[in-house]
Amino acid sequence: MPHFTVVPVKDQAPSSYDSLEGINWVDYRDTGQDCPDHQDTVSSDGHGNHKEDSPFLNSADAAYKKNDFYDRNLALFEEELDIRPKVSSLLSRLVSYTNITQGAKEHEEAESTEASRRKTPKSPNMGTLMGVYLPCLQNIFGVILFLRLTWIVGMAGIMQSLLIVLMCCSCTMLTAISMSAIATNGVVPAGGAYFMISRSLGPEFGGAVGLCFYLGTTFASAMYILGAIEIFLKYLVPQAAIFHATDTLGSDSAMLNNMRVYGSICLSLMAVVVFVGVKYVNKLASLFLACVIISIVSIYAGAFKSMTHPPEFPICMLGNRTLVRDRFDVCAKTVIKGNITVPSQLWERFCLLGNLSSAQCDDYFIQNNVTEIPGIPGLSSGIIRENMWGDYQQKGEILEKAGLQSVDAHGAMENFGMYVSADIATSFTLLVGIFFPSATGIMAGSNRSGDLRDAQKSIPVGTILAITTTSLVYFSSVVLFGSCIEGVVLRDKFGDAVRKNLVVGTLSWPSPWVIVIGSFFSTVGAGLQSLTGAPRLLQAIAKDNIIPFLRVFGHGKTNGEPTWALLLTGLIAELGILIASLDMVAPILSMFFLMCYLFVNLACAVQTLLRTPNWRPRFKYYHWALSFLGMSMCLALMFISSWYYAIVAMVIAGMIYKYIEYQGAEKEWGDGIRGLSLSAARYSLLRLEVGPPHTKNWRPQLLVLLKLDEDLHVKYPRLLTFASQLKAGKGLTIVGSVIQGNFLDSYGEMQAAEQAIKHMMEIERVKGFCQIVVASKVREGIVHLIQSCGLGGMKHNTVVMGWPYGWRQSEDPRAWKTFINTVRCTTAAHLALMVPKNVSFYPSNHERFTDGNIDVWWIVHDGGMLMLLPFLLKLHKVWRKCKMRIFTVAQMDDNSIQMKKDLAMFLYQLRIEAEVEVVEMHDSDISAYTYERTLMMEQRSQMLRQMRLSSAERQREAQLVKDRHSLVRMGSLYSDEEEEVVEAPPEKVQMTWTREKCEAERRNRNNAPENFRELMSLKPDQSNVRRMHTAVKLNEVIVNRSHDARLVLLNMPGPPRNTDGDENYMEFLEVLTEGLERVLLVRGGGREVITIYS
12 MPHFTVVPVK DQAPSSYDSL EGINWVDYRD TGQDCPDHQD TVSSDGHGNH KEDSPFLNSA
72 DAAYKKNDFY DRNLALFEEE LDIRPKVSSL LSRLVSYTNI TQGAKEHEEA ESTEASRRKT
132 PKSPNMGTLM GVYLPCLQNI FGVILFLRLT WIVGMAGIMQ SLLIVLMCCS CTMLTAISMS
192 AIATNGVVPA GGAYFMISRS LGPEFGGAVG LCFYLGTTFA SAMYILGAIE IFLKYLVPQA
252 AIFHATDTLG SDSAMLNNMR VYGSICLSLM AVVVFVGVKY VNKLASLFLA CVIISIVSIY
312 AGAFKSMTHP PEFPICMLGN RTLVRDRFDV CAKTVIKGNI TVPSQLWERF CLLGNLSSAQ
372 CDDYFIQNNV TEIPGIPGLS SGIIRENMWG DYQQKGEILE KAGLQSVDAH GAMENFGMYV
432 SADIATSFTL LVGIFFPSAT GIMAGSNRSG DLRDAQKSIP VGTILAITTT SLVYFSSVVL
492 FGSCIEGVVL RDKFGDAVRK NLVVGTLSWP SPWVIVIGSF FSTVGAGLQS LTGAPRLLQA
552 IAKDNIIPFL RVFGHGKTNG EPTWALLLTG LIAELGILIA SLDMVAPILS MFFLMCYLFV
612 NLACAVQTLL RTPNWRPRFK YYHWALSFLG MSMCLALMFI SSWYYAIVAM VIAGMIYKYI
672 EYQGAEKEWG DGIRGLSLSA ARYSLLRLEV GPPHTKNWRP QLLVLLKLDE DLHVKYPRLL
732 TFASQLKAGK GLTIVGSVIQ GNFLDSYGEM QAAEQAIKHM MEIERVKGFC QIVVASKVRE
792 GIVHLIQSCG LGGMKHNTVV MGWPYGWRQS EDPRAWKTFI NTVRCTTAAH LALMVPKNVS
852 FYPSNHERFT DGNIDVWWIV HDGGMLMLLP FLLKLHKVWR KCKMRIFTVA QMDDNSIQMK
912 KDLAMFLYQL RIEAEVEVVE MHDSDISAYT YERTLMMEQR SQMLRQMRLS SAERQREAQL
972 VKDRHSLVRM GSLYSDEEEE VVEAPPEKVQ MTWTREKCEA ERRNRNNAPE NFRELMSLKP
1032 DQSNVRRMHT AVKLNEVIVN RSHDARLVLL NMPGPPRNTD GDENYMEFLE VLTEGLERVL
1092 LVRGGGREVI TIYS
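Numbers 12 to 1105, taken from our numbering, label the letters of the sequence shown in order.
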């Protein structure tokens, strides 16, 4: 055994390298140098289309320059650190992500680079209560609760009213569950439902539903304004009416004209307020919310007070008909003045002038008595029994109380104005359409996601709590209204029977004015909020540039206010104002909101069923069945409330969809809609041909390179098993193999090999395609497979190949040269590479791991493949019970504690659950074992190079090659390749020995001992020593931590740029993976494959 001397290895000269493309990053080294500020930017393609340069963060203009090109412990990866940075470097850049205002980069352009650099983004600090719960309450509670809920209870009865509330609130609750799943599947920038649907279902659906949502919000502002004007003209200042009815039948048209005039004025004033000072609208939001809460509390207080002291609001009844109370003073036919009975004002309304005996009176008035009943009997009166069931009215039908005695007689038409009558025909379906807007507003939390401290927690909790709260308020209000208020008063929409008081105000405590004033301010505030939100939604759609004619609305003032969008919103809202009827506007916006909610549920259901790798919501309480139920309820409510409005809304959405499709939406947002028929598949392939897939849609599309034995059987079937477990039936799988020979002669063998592989694919449940290539060299065949497999956009992006077992024992270098050549080809083609080592020990599809770990050793950032692969494996039943652990390596000058925190936050943003551990590798001197191992490796290589065959042996070897060619040869991927074309030698070899040849042969034999002495005195190359040091150290750490892991995933170092070191590269890989049962060497394809975005 020779004596070895350990020589200290000097560090290589330091170099610098740029940052990873799309990621601006800073190292953790404590160098004391200040790092320059970097400003994130968004690239554009010249058409105004913003592109996502990196799935994590936007690309940077300047890159941080490192001082050290490699670490001693990472020498295996040093040649690629310029494109595959250290994990610590990546995490240090990502940690600043949480301080970026979400959505600002995609939906708002910076005024200038300098200004945006000076601007410090505000840290999001809103919690669940202030950020989601209260805004949702303010948006859900609205005009319908105060102006129409009592009327709905009167017309439909308590039971059917509860059914209406249950249907609407169940629909919004199911939608909120789906929305919570989408909103917690990554970061949701500003844009609310539009952003979620467009990024889930694609630009066509996103544009169509986005515009429907915009129209719904715009008509909502019109509805709130009409509600405010109704309160103003009916209950606050009735004298302000401009138009007055000339007769009793013209009062409705006069009221509508007043609504149009005052509504237009109010809309103009609100638009000016929004244009001038939107910040004041946001500041007044809390005041408007306080008005809503105070009004609701006063209703409950009045209801419970009515148990002992019901308010005095008597109703005057003529027979069983309800009279308009403000038309007369005393509810009696006669009054006594100075002991004389004289006709009352009521008598004079129904009778012509004359005394009591000779006057000509209305027949119904003469034959029926005038009685007075309490309008608010109170909670303990038992009136709930009468209000339990509905009493739908036709237009113009007089409101009657069923329990009062009445003589049916024909009354004069000129006295019709004395009775309270129904202004519109009512039905269950109509009431559903009118009530549904009071259940909308659930998107308020998702719209504010950029301001939330933890949006993925706050949005589901706050939204579902808000819907639960409002649903309880609606249910209890229906019961309280039916238990306290007289039925004819409930059916009196405008309070004519209670002296023009707001019906819900008659129940409130301490005064009806609390409800009147509170509801007025709340409706005005809701209108302002809608006018503020709708233009911004239109601006977001316009800036996405999916609808060309809306491009102008993406521009605004210098501060970003959407001026042109606000103008269009005002014009559309004016159309709703001109309708002038709250009851006709409400079903319109119900259609648009229901359409929006329908597609939110559809987006969640499609993503759940497709099981895309990016679908990892933190909100776990969802199911595709709930989403489909919510979608079905939305569709049913659309047709229940108004079938013709539903058809019109669907036609509008369909036209927008086809228009975007016709114009050719140049957006790739990771949409999940793909057709299943042949025409849809062709359409999808043509779309996929346009460009590379979005990061969210990236999944491993496998090309599995199989080795066949001499009998055309698959040598390592567990490669197919691993592929089936990784794919779980999703995505593309191509199984390829190479037959060495001539295509014309080997066609039969190719067919047989294809059948054998397909049979094995069926056994292993691999859904994919088989591709066999016949080539003169195996190496060329593999290159052909890598280049040509796939069709259009359905091409492989990942190559799976086996490990060349026994390469050390074989003197033939072809065993490992084909392997290294394949590694180089996949790198050149920007394809990912997976090499399962010891694949025979991998589990079959029938095995189940009930425990254990999948360990990921993340040494350099390789596009996120190491994060994505365990997540995909855990979807399969074999690996489902395994836990995921992520190890990363910290050097002496890295802050390991901060690295662990940043890595945990990074995984939280990725929605991946895993244990995180940072392994510190201390710098140490190169050991004698490492030195000896390197020396043995180089001695073996040198020895093989010196083993040259004599010319006679070469010719005999060539003859054997020719003899083998005469047989039917089966190519092997790793060992049976021909290094070079060997010319056929002559059948008989004749050699003439001369004196010179004999002396040369003798000298060669005498030099053999000298060659051996030269071999023993060989000194190893220092770069090889460093690489061996890295392999030994990493292997020691990995075996120590992961010796019992079910699977170890590890970054695969790239082959050396100098091909002379190929054999050493194989030795490094062997040393790196020694002592591990199952190893998956992973090499990224040069692009990001996982993202934190939704």
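All C-beta atoms in this analysis are idealised placements derived from N, C-alpha and C, irrespective of residue type, glycine included. All of these numbers come straight from a predicted model, not from anything done at the bench.
Counting only the same chain and skipping the five closest in sequence on each side, list residues whose C-beta sits under 7 angstroms from that of K769. C781
In whole angstroms, what is the alpha-carbon distance linking K568 and L577? 11 angstroms
Between the stretch 722-737 and the stretch 877-895, do three or more beta carbon pairs fall short of 8 angstroms? yes
Contact under 9 angstroms by Cβ, N269 with L298: no
Which residue or residues does DSSP assign as beta-bridge partners of A413? Answer is none; A413 lacks a bridge partner.
If you follow the alpha helix (DSSP H) that A647 is in, where does it begin and where does it stop? 635-652
Quick check: D905 and E926, are their CB atoms within less than 9 angstroms of each other? no
Whole-angstrom distance between Y1104 and F206, CA atom to CA atom: 12 angstroms
DSSP state of D79, grouped into three classes? Reliability of the predicted coordinates at D79 is poor, the pLDDT of 45 falling under 50, and the value obtained from them is presented with this limitation in mind. In the structure shown, D79 sits in coil (DSSP, three-state: anything other than H, G, I, E or B).
For D48 and K912, I'd like the C-alpha separation in whole angstroms. Any answer about D48 is weak, because its pLDDT of 41 lies below 50 and its placement is not dependable; what the coordinates show is given next. Answer to the nearest angstrom: the Cα atoms are 22 angstroms apart.
Which whole-angstrom value describes the C-beta separation of L1087 and I1049, a residue pair presumed to lie in contact below a C-beta threshold of 8 angstroms? 7 angstroms
Can you give me the Cβ contacts of V527 inside the same chain, cut-off strictly under 6 angstroms, excluding the 5 residues immediately before and after it? Y246, L513, G516
Hey, would you say A629 sits closer than 9 angstroms to G138, going by beta carbons? Sequence check: residue 629 is Arg here, not Ala. It is not a contact, given that the beta carbons lie outside the stated cut-off.
Length of the line joining the Cα atoms of I870 and E90: 14 angstroms
Considering just the uninterrupted stretch of the alpha helix (DSSP H) at N1075, what are its terminal residues? 1073-1083
Would you call I394 buried or exposed, if buried means 16 or more other Cβ atoms sit within 10 Å of its Cβ? buried
Which term fits S522, buried or exposed, when burial requires 16 or more other beta carbons within 10 angstroms of its beta carbon? exposed
Counting C-beta neighbours from all protein chains within 10 Å, is the total for L87 16 or more, i.e. buried, or is it exposed? buried
Can you check whether the CB of R510 is closer than 9 angstroms to the CB of D337? yes
Do you know whose CA, among V499, L548, M234, S695, lies nearest G804's CA? S695
Hey, out of T229, T479, T257, Q378, whose CA is closest to C182's CA? T479
Note down the Cα distance separating T744 from L582, rounded to an integer number of angstroms. 54 angstroms
Work out the CA separation of F852 and R859 for me, nearest whole Å. 14 angstroms
Pull up the CB-CB distance for K1096 and H795, whole angstroms please, since I reckon it's below 8 angstroms. Reading the sequence as shown, one finds Gly at residue 1096 and not Lys. Actually they are not in contact, since the Cβ atoms of G1096 and H795 sit about 19 angstroms apart, beyond 8 angstroms.
Can you give me the start and stop residues for the beta strand (DSSP E) that V786 sits inside? The question names Val, but residue 786 is Ala in the sequence shown. Here the beta strand (DSSP E) through A786 covers 780-786.
Give the secondary structure of L8 by DSSP, where H, G and I count as helix, E and B as strand, and everything else as coil. This structure gives no information on residue 8, because the portion of the chain shown stretches from 12 to 1105.
Using the three-state DSSP reduction, which class does Q751 fall into: helix, strand or coil? strand
Residues sharing a beta bridge with D866, DSSP: R896, V1059
Option in A901, I897, N350 with minimal Cα separation from M7: Residue 7 is absent from the model: the chain starts at 12 and stops at 1105.
Take V1090 and list the residues in its own chain whose beta-carbon comes closer than 7 angstroms to its own, dropping the five residues that flank it on each side. K848, N849, V1059, L1061, T1084
Got a sec? Which residues, its chain only, sit under 6 angstroms from S172 by beta carbon, not counting five neighbours each side? I163, V164, V489
Under 9 angstroms between the Cβ atoms of L921 and T809? no
Which residues in the same chain as A413 place their Cβ atom closer than 6 angstroms to its Cβ, once the five residues preceding and following it in sequence are excluded? none
What do you get for Q751, buried or exposed, if any count of 16 or more other CB atoms within 10 angstroms of its CB means buried? buried
Mind checking which residues open and close the alpha helix (DSSP H) that includes R629? Looking at the DSSP string, R629 is not in any alpha helix (DSSP H), and its letter there is neither H nor E.
Three-state secondary structure assigned by DSSP to Y727: coil
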